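Q:
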Amino acid sequence: MRFSAHASRGLSHEVFEFARPFLGKNKVTLLHTTNRKDLERITENSNVVVNTARVNDIRGINHFFRLVNENLNNGGRFIGCMETLENRKERLHKKYPPVLNKLYYTADFVLKRIFPKLSFTRGIYFSLTGGRNRALSKAEVLGRLVYCGYSIEAVKVIDNLMYFAVSKKGQPLNEPEPSTGLLLKIGRIGKNGKRITVYKFRTMHPYAQYIQEYVYEQNNLQAGGKFSNDFRITKWGRFMRRFWIDEIPMIWNILRGDLKIVGVRPLSDHYLSLYSEEHKQVRLQGKPGLIPPFYADMPHNLQEIMESEARYIKAYLKSPITTDFNYGFKAFNNIVLRKARSA
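Right, dumping it as C-alpha cells:
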C-alpha cells in the first residue's frame, strides 16, 4: 500500500513512518474509532489494525483491546495511540496561563485520573464524561495491552501523542482484572515454590506488573538489583518506597505466616527467572521476609544479590534464630545509621 493512500486516510508522514515496519504486505484495516461496534469493519484476514483514535476516549479499554485481539491471527499487529500523563500535562500547561494552568491540571487529574480508579467515585466520572478523555499513564496502557494478549514491539511520541505497535502473542490472560485502588494484592513465590499473595500499598501505575519483562528488556538492572529508569513507579510511589510506607500491609502477611520478619524478598515469576538454577533452588528453601539480607550485605548487582541470599539461607538452615538476629541487626544499622533506602 503506497504512502499517499495512507496519508489521505488520516496518517501523517511521521505516523506512517512509525507504522511502516509493521505493515509489510498484510491487509491493513485503518480505523478512527472508540466504538467497539466499529471493530466489525475489520477486514477478513486483515492482520494489521491501525486505530488513530486515542485510547483515552475509549470506554471499556480492555474489552476494546480484546475484540481487536480476536480479529487478529497470532503475530498480527495492532497500532494505536494515547495521550500519556506527561503529554497531557504539557498540553494543559501550554493551553492555559500560569497559575490557572496548574489549578486546571490539578482538577483535571482528580476528575479524570483519580475518580475512575476508585469504586465510590467511578460513577461520577462516567456520568460527567461518558468515559472520554481519561487521564492514562504509559505504564497502564502498555500493561493493559500485555494483559489482553499482546507483546510490545515499539513506542514513539509523535505530535504529543504516544503511538504503540504491538503484536498478538496469544489469548488475553485468564485471570481477574487487577485492582486499581491503593491496596494491592500481588502474586509472589514463597517457600518451596508455593504461590502466596502479598499485600502492599500501590507505588506503581495500574497494570504495571504486566510489563516487568518489557522494562527489563529496555533498561536492564541498575546497582542494587532494581530496574533502571522504571517509568512504572509514580512520584508519590518513590516517596513511599524510600521510607517503606508501601510495605506496611505486609505485616498482615507475617501474621498469616506467609512471610517472616527477616528473609529473602518475595519475588515475581519474571524476577526469579533471572536467577541461576542453582540459586533458585537454594532461595526456595527459605521463607520470604519483610527485611531482606540485601540491607545487611548491600550488594550492588544481581550476582551479588544471589550470593548474599544464598549465604543467608545456608546460615539460616543451620542456625535460624542467630542468623535472623545477626542479619536483622546489620540491616537496622545500615538503614538507621547509613541511611540505606529502598529505591
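If you count by our numbering, then the sequence shown holds residues 627 to 969, one letter each, in order.
Don't be surprised by glycine CBs; every beta carbon is placed ideally from N, CA and C.
As the structure is a computational prediction, the values presented were derived from the model and not from experiment.
Note down the Cα distance separating Y722 from K715, rounded to an integer number of angstroms.
A: By 1-based counting over the sequence shown, the position of residue 722 is 96. By 1-based counting over the sequence shown, the position of residue 715 is 89. Cα to Cα, the separation comes out at about 11 Å.
Q: Counting along the chain, where does the alpha helix (DSSP H) carrying M932 start and finish?
A: Within the sequence shown, numbered from 1, the residue matching residue 932 stands at position 306. Residues L928 to K944.
Q: Runs of 4 residues minimum, wholly inside the stretch 875 to 918: which ones carry the alpha helix (DSSP H) assignment?
A: Entirely contained in the stretch 875 to 918, the alpha helix (DSSP H) runs reaching 4 residues are, in chain order, 876 to 882, 895 to 899 and 903 to 909.
Q: What is the DSSP secondary structure of L657, reduced to helix, strand or coil?
A: Counting from 1 along the sequence shown, the entry for residue 657 is found at position 31. Strand.
Q: Using the C-alpha atoms, what's the distance from N800 back to A631?
A: Here residue 631 corresponds to residue number 5 of the sequence shown, with the count starting at 1. Here residue 800 corresponds to residue number 174 of the sequence shown, with the count starting at 1. Confidence at A631 is low in this model, with a pLDDT of 41, below 50, so its placement is unreliable and the value that follows should be read with caution. Approximately 39 Å between the Cα atoms of the pair.
Q: So within the stretch 794 to 878, which uninterrupted beta strand (DSSP E) runs reach at least 3 residues, ignoring any that extend past its ends?
A: The qualifying runs are 809 to 815 and 821 to 827.
Q: Who are the Cβ neighbours of V908 in its own chain at under 6 Å, not counting the five residues just before and after it?
A: Position 282 of the sequence shown, counting from 1, holds the residue named residue 908. So the list reads A936 and I939, once near-sequence residues are dropped.
Q: What does a CB cutoff of less than 7 Å around Y731 pick up in its chain, not counting 5 residues either side in sequence?
A: Indexing the sequence shown from 1 puts residue 731 at position 105. So the list reads K715, L718 and H719, once near-sequence residues are dropped.
Q: Measuring straight from C-alpha to C-alpha, what distance separates S634 and F642?
A: What you label residue 634 is simply residue 8 of the sequence shown in a count that begins at 1. What you label residue 642 is simply residue 16 of the sequence shown in a count that begins at 1. Annotation note: pLDDT 38 at S634 (below 50); position unreliable, coordinate value reported separately. Taking the straight line joining both Cα atoms gives about 11 Å.
Q: In three-state terms, what does DSSP make of T747?
A: Within the sequence shown, residue 747 is the residue found at index 121, counting from 1. Of the three classes helix, strand and coil, the one that applies to T747 here is coil, per DSSP.
Q: With DSSP as the reference, identify every bridge partner of S638, one or two as the case may be.
A: Walking along the sequence shown from the start, residue 638 turns up at place 12. DSSP lists no partner for S638.
Q: Determine the direct distance from the alpha carbon of K738 to that of V675, and round the result to whole angstroms.
A: Within the sequence shown, residue 675 is the residue found at index 49, counting from 1. Within the sequence shown, residue 738 is the residue found at index 112, counting from 1. Spanning the two alpha carbons is a distance of roughly 27 Å.
Q: What residue range is occupied by the uninterrupted alpha helix (DSSP H) comprising V772?
A: In the sequence shown, the residue the question calls residue 772 occupies position 146. From DSSP, the alpha helix (DSSP H) with V772 extends over K764 to Y773.
Q: To the nearest angstrom, how far is the alpha carbon of A957 from that of L881?
A: On the sequence shown, position 331 is the one that residue 957 refers to. On the sequence shown, position 255 is the one that residue 881 refers to. Their backbone Cα atoms lie some 21 Å apart in a straight line.
Q: Can you give me the Cβ contacts of F629 inside the same chain, cut-off strictly under 7 Å, excluding the 5 residues immediately before and after it?
A: Indexing the sequence shown from 1 puts residue 629 at position 3. Low per-residue confidence applies at F629: pLDDT is 36, beneath 50, and the placement is therefore not dependable enough to give any value.
Q: So which of N818, L744, I947 and D734 has the shortest CA-CA distance to T755?
A: In the sequence shown, residue 755 corresponds to position 129, counting from 1. Considering only alpha carbons, the answer is D734.
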